[in-house]
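Asker: Here it is, the structure, as structure tokens.
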Amino acid sequence: DLRAVVKKNKQGTIKKRSTGWFSSEEYKVEYVTPAHIITQKGSQQDDKNQHLKYDITLPAIKQFLEENRKWFKLEDGAWKFDESRTEKKEPFPLEKELDVLMEDNLRIIDYDDEFTEGDGGL
């Protein structure tokens with residue numbers, strides 16, 4: 071889950087990466103436009119029945135990936151944080167899938183449902 075990797079490696083976190091036996095370098099995690107996929111910090115009013123602050127669009131997810139490829143890698147199909155921060159020119163497979171899905175103008179939404187119980191069931 072890409073969002074879980076972003077949440078675990080928060081914007082502004084200072085990390086250390088080993089560069090040899092007795093050396094390391096510090097770097098700061100700085101995503102470009104993390105609000106494209108992390109929506110809980112939106113400006114809308116909190117509601118106990120609503121998790122997302124606003125819809126997540128597929129173009130927003132794609133733009134986030136394009137601008138932040140160096141922070142991620144895929145290992146056996148799972149998203150991982152890339153501590154090497156290697157620039158990647160090739161798109162991730164998800165980016166290609168998003169191109170196809172965007173043709174249908176799909177959105178990931180959350181809604182306020184006053185009839186839900188604690189865990190979202192009816």
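Each residue of the sequence shown is one higher than the one before, starting from 71 at the first, in my numbering. Backbone N, C-alpha and C define an ideal beta-carbon position, used for all residues, glycine too.
Nearest to Gln81 by alpha carbon, out of Lys98, Leu164, Leu144, Glu160?
Answerer: Answer by Cα proximity: Lys98.
Asker: How far does the alpha helix (DSSP H) with Met98 in it reach, from first residue to last?
Answerer: Reading off the sequence, residue 98 comes out as Lys, not Met. No alpha helix (DSSP H) contains Lys98, which is instead part of the beta strand (DSSP E) from 94-98.
Asker: What does a CB cutoff of less than 8 Å around Glu153 pick up in its chain, not counting 5 residues either side in sequence?
Answerer: Within the same chain, Glu153 has close Cβ partners Lys85, Arg87.
Asker: Tell me the rounded alpha-carbon separation between Asp71 and Lys77.
Answerer: So the alpha carbons of these two residues sit roughly 10 Å apart.
Asker: Answer with buried or exposed for Phe92, where buried requires no fewer than 16 other C-beta atoms within 10 angstroms of its C-beta.
Answerer: The residue is exposed, with fewer than 16 neighbouring Cβ atoms inside 10 Å.
Asker: Give every residue of the same chain whose Cβ lies closer than 6 Å to the Cβ of Glu137, excluding the five residues on either side of it in the sequence, and list them in chain order.
Answerer: Result list for Glu137: Val102, in chain order.
Asker: Within the same chain, show all residues whose beta-carbon is closer than 6 Å to that of Leu171, passing over the 5 residues directly before and after it, in chain order.
Answerer: Hits under 6 Å: Leu128.
Asker: Considering Phe134, what are the terminal residues of the alpha helix (DSSP H) in which it resides?
Answerer: Segment 128-137, the alpha helix (DSSP H) holding Phe134.
Asker: Could you work out which residue in Thr83, Phe151, Arg139 is closest to Leu164 when comparing CA atoms only?
Answerer: That would be Arg139, whose Cα lies nearest to the Cα of Leu164.
Asker: Take Val75 as the anchor and find which of Leu144, Thr156, Ala130 has the nearest alpha-carbon.
Answerer: Closest option to Val75, Cα to Cα, is Leu144.
Asker: Which residue from Asp146, Glu167, Gln133 puts its Cα closest to that of Ile107?
Answerer: The shortest C-alpha separation from Ile107 is found at Gln133.
Asker: Measure the alpha-carbon distance for Glu167 versus Ile131 and round it to whole angstroms.
Answerer: Distance between the alpha carbons of Glu167 and Ile131: 11 Å.
Asker: Quick one: using the 10 Å Cβ neighbour count with 16 as the cut-off for buried, is Asp174 buried or exposed?
Answerer: The residue is exposed, with fewer than 16 neighbouring Cβ atoms inside 10 Å.
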